[in-house]
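Printed below as a string of structure tokens:
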């Protein structure tokens, strides 16, 4: 795997009543090292409600390799 993940994994919990959803970072995804289609995903948690969101990291966002929580 490359050092920087291509995608960051979040679980998202909707709160209702017009409140913002709670986004919790739970892992990351890297393209397969052999160049084949797909990703390797590492999760530190698994969403109970089954909702997993993968998003490209924002510029300057910390990853596990440089001090982040993923």
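Numbering (our numbering), first residue to last: 469 to 538.
Beta carbons: idealized from backbone N, C-alpha and C, even for Gly.
- Around the beta-carbon of residue 476, 16 or more other beta-carbon atoms lie within 10 Å, marking it buried.
- Along the stretch 493-528, the beta strand (DSSP E) occurs as fully enclosed runs of 3 or more residues at 507-511, 520-523, listed in sequence order.
- For the pair residue 514 and residue 478, the Cα-to-Cα distance works out to about 10 Å.
- Per the coordinates, the alpha-carbon of residue 525 lies some 23 Å from the alpha-carbon of residue 517.
- Assigned with DSSP and collapsed to three states, residue 472 falls in coil, not helix or strand.
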